[in-house]
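Everything below concerns the one structure shown next.
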Amino acid sequence: MRRTLTLAATGLLTAAATALAACSGGSDGGGSDSGGDNAAGGPIAVKATDTTCEVARTEVASGTVTFQVNNSGSKVTEFYVYAAGDRVMGEVENIVPGLTRELRVELPAGTYETACKPGMVGKGIRGPLKVSGSTAPLAADAKLSQATDSYQRYVRSQTAALLEKTQEFVTAVKAGDVAKAKALYPVARTYWERIEPVAEVFGDLDPKIDGREEVVEEGMEFTGFHRLEKDLWQTGDITKSGPVADQLMADVKEIVAKANAEKLSPLNLANGAKELLDEVATGKITGEEDRYSHTDLWDFHANVEGSKAAIAALRPVLQERSPDLVSQLDSAFAKVESTLGKHQVGDGWKLHNQLSQAELKELSDVINALAEPVSQVAAVVAK
Amino acid sequence: MRFGTVMRRRRAIALAGAGVVGVAGATAGVDAWLRASGDEPDNPAADAVPFYGEHQAGIVTAAQDRLHFVAFDVITDDRDRLVEMLRDWTAAAARMTAGKDAGVIGAVEGAPEAPPDDTGEALGLPPAQLTLTVGFGPSLFRDARGRDRFGIAAKRPPALADLPHFPGDALQPEISGGDLCVQACANDPQVAVHAVRNLARMGFGVVSVRYSQLGFGRTSSTSRSQATPRNLMGFKDGTANLKAEDGRLLDEHVWAQAGDGAPWMAGGSYLVTRKIRMIIETWDRASLAEQEAIFGRAKGSGAPLGKTGEFDEIDFSAKGADGQPLVPMDSHVRLAHPDHNNGARLLRRGYNFVDGSDGLGRLDAGLFFMAYQRDPRKQFVRVQTQLARNDRLNEYIRHVSSGVFACPPGVRGPDDYWGRTLFG
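If you read the sequences in order, they're chains F and S.
Residue 1 is where the first sequence starts when you use the numbering used here, and the numbers rise one by one after that.
Residue 1 is where the second sequence starts when you use the numbering used here, and the numbers rise one by one after that.
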């Protein structure tokens, strides 16, 4: 968390959001003209297991497309619809084994990919999706508003999962189930870390939820995820952690309500993408973020995913204005993913203290290489 | 003044910033200040050193006061990206050594949403004789796994041989070697650091900083116009150094020649770096007589023992009343002298360093030794072999890092770039 940057960003946000609202009024952002709730075949069933992702139909008409994703595997899964460059058109998170969840997504004509992500890591099990129909080309402003719409859908899907997983974590803490709470800690944080710059807009809540011990000011209590992390890993005594857990849940609910209501600007997306990588560079590479649990790579991965989601939302605009930058971003994201991928263990990650100095330096190098082009995105968006 | 426009540019920016702070009455003060700047006497230490030329600047250039040396690992296998970065570096170096910003836009003139293409800490500072000198390490030609990543293994100069292990070496791999190096020297440490920082930033994704070293108080003079400085042991260092005025000797001892086995290096030079930690506290307890016997020179004047002037010729055969040589057999000056090394000479360009203290209450201090030469196998290796075996000074020093680099010839003009003769 960093407060100074977000204060500056808040000013931008208000101004830009107003301007955007003024010039994009009237556009539905979808750009499709065929409408219909793919009535022809009704909802598309998706059968997800730990190793497969069967999508009942892979050719649909443009408009609102509904997927019903059933998880018959043993791992928590996620379902995505991606446009080119892994731009998230829609996604549904936290589909626990046995559950069916619905995803409704507005899809203009084009080619897409569907993906199930058992265990929530990696590129997922991909499949093609072809959407037919005619789609009017978007004006530049409409592309920008589509970018923010798309990212806001992403934020809402993350916040929904954040609420659920935080609740499970809090419940485990209050039940005194140390092992379960430990297992849930990095998972719940994943949803937080993917969208942290959005949360950071709400100044005081961020330190309450995600503040590390040293940021606690005089007269303020050390609360939130890291306080529970300390209880779980350092003392192992969570008999008195109930009130902190309740407070965390209350704070998360509050910030989720605010985040869902927030109108974001394209500049927020660009700056958020950069801030997420700054988070990696300053907190995760060093192991400061999760100093008791050493689960920093979960956060690292989530930050990179969140950054990529924000950039992907802006992709149509970037592609038009600076195609060179897009190819730089693609190769730099790929490099980060392959380098981080070396440290994946099952559905999780190696602990920070299991990495050698050389491995950490390699991660630092690829993040620096990615953050430079990402830092150029804001100026391109602002053009 | 030749570089007046450049210096005025940085000043104008600094003034623009000052204007924001105090508006009332600022105009009169600024005018007066500008006039004063225009009339100020020439300060050569603030000037620019020409970047383009037959040889890279920063070798025989009169040694500046400050150093920021940096060694990089190349982290891509993509030759085109490496060459592109070298081109970008060259253009940025030409600008920065002229006192301009690293990027073409500048530190404060770009779009408000974009990060500046110069980091800004040199705004308002003169060129300060900044030189940037680049070198290629053996591992660029073939990496630790034996791979010829950039198709240049066949061009590795014979003179760019790995240095042998010398007795007593206590080298730390993490601060040794490197695929590339940049030596930044300037009379203002901020100017040198600014240059390295901006080059490192431009290189993200292509290179990664392996280690870097700050140095102060040049320990060698490389021009007869400079007084001989002292190292942290308190002795004049580099009295007999090769110097810029040595014309023919430079061709013989410093500049690689076309016939030396690597035509692309003609006009270049080989750099050997050694970080030499001094055990300052025990040295300071040694008697003056012992200290002088170890070096073979008088501590005050720098004169060889038995002589009176710093530049007097050393008489290695002179004996004292006790029948022992006045300049001891195991003294530093005797062992390092060309007469005892088959004529080998070096152009030394080292700097003192103090990296704080070492946690045991001792200064982490010493000499960052740098020497340019035509062929390290015949020059540095020969001299260091003698020193490592016999030098009495070894009791007070440890060599903790080592590097050897092929520094290509100079950049001829705006269309040329560092490494063209190797990659072009």
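For glycine and all other residues, C-beta sits at the position ideal for the given N, C-alpha and C.
By the neighbour-count definition (other C-beta atoms within 10 Å, threshold 16), K130 of chain F is an exposed residue. DSSP places R348 of chain S in the strand class (E or B) of the three-state scheme. Straight-line measurement puts the Cα of T421 of chain S at about 10 Å from the Cα of K155 of chain S.
Under the DSSP assignment, I276 of chain S falls in the beta strand (DSSP E) whose first and last residues are S269 to M278.
Contact annotation: in the region 203-219 of chain S, residues whose CB is within less than 7 Å of a CB in chain F are F204, G205 and S208. It is roughly 47 Å from the alpha-carbon of P338 of chain S to the alpha-carbon of N368 of chain F. Residues of chain S whose Cβ lies closer than 8 Å to the Cβ of S72 of chain F do not exist, since the nearest Cβ in that chain is about 42 Å away. Straight across, the Cα-Cα distance linking A227 of chain S with V272 of chain S is about 24 Å. The straight-line gap separating the alpha-carbon atoms of E121 of chain S and G403 of chain S is approximately 29 Å.
No Cβ of chain F is located within less than 9 Å of the beta carbon of A91 of chain S. In the displayed model, G234 of chain S falls within coil according to three-state DSSP, outside both helix and strand. Under the DSSP assignment, A186 of chain S falls in the beta strand (DSSP E) whose first and last residues are L180 to A186. Shown in chain order are the members of the region 57-84 of chain S whose Cβ falls below 8 Å from a Cβ of chain F: I75. Between R315 of chain F and G85 of chain F, the C-beta spacing is below 9 Å.
For F423 of chain S, the enclosing alpha helix (DSSP H) covers residues R420 to F423.
As computed with DSSP, P128 of chain F is found in a beta bridge with F:E113.
Looking from the CA of L269 of chain F, the closest CA among F:V198, F:A302 and F:C53 belongs to F:V198. Between T131 of chain S and Q213 of chain S, the C-beta gap is not smaller than 9 Å, which leaves the two residues out of contact. M370 of chain S is bridged by DSSP to S:T273. Per DSSP, M85 of chain S lies in no beta strand (DSSP E) segment; the continuous alpha helix (DSSP H) that holds it begins and ends at R79 to T97. With a threshold of 9 Å between beta carbons, R87 of chain S makes no contact with chain F. Excluding five sequence positions before and after R194 of chain F, the CB atoms of its chain that fall closer than 6 Å to its own CB belong to Q158, A302, E305 and G306, given in chain order. Excluding residues up to 5 positions away in sequence, L82, L140, D179, L180, V206 and V207 lie with their Cβ nearer than 7 Å to the Cβ of V74 of chain S in the same chain. For the region 98-116 of chain S, the residues whose beta carbon sits under 7 Å from a beta carbon of chain F are, in order, A111, E113, A114 and P115.
With fewer than 16 other beta carbons inside 10 angstroms of its own, G356 of chain S counts as exposed. T308 of chain S and V411 of chain S have their C-alpha atoms some 44 Å from each other. DSSP places W283 of chain S in the helix class (H, G or I) of the three-state scheme. In the three-state reduction of the DSSP assignment, V345 of chain F falls in the strand class. Counting along the chain, the unbroken alpha helix (DSSP H) around K361 of chain F starts and ends at Q357 to S375. Each of F:P97, F:S62 and F:F222 was checked against the Cα of V69 of chain F, and the nearest Cα belongs to F:P97.
No Cβ-Cβ contact shorter than 9 Å links H399 of chain S with V196 of chain S. Cβ proximity to chain S below 7 Å picks out nothing from the region 296-309 of chain F. S:D364 is the residue among S:D364, S:E395, S:D415 and S:D118 whose C-alpha sits nearest the C-alpha of G215 of chain S. Here the region 287-298 of chain F makes contact with the region 224-234 of chain F; the two share three or more CB pairs at distances below 8 Å. Here DSSP, grouped into helix, strand and coil, assigns L318 of chain F to helix. DSSP assignment within the region 193-252 of chain S yields no whole alpha helix (DSSP H) run of 4 residues or more.
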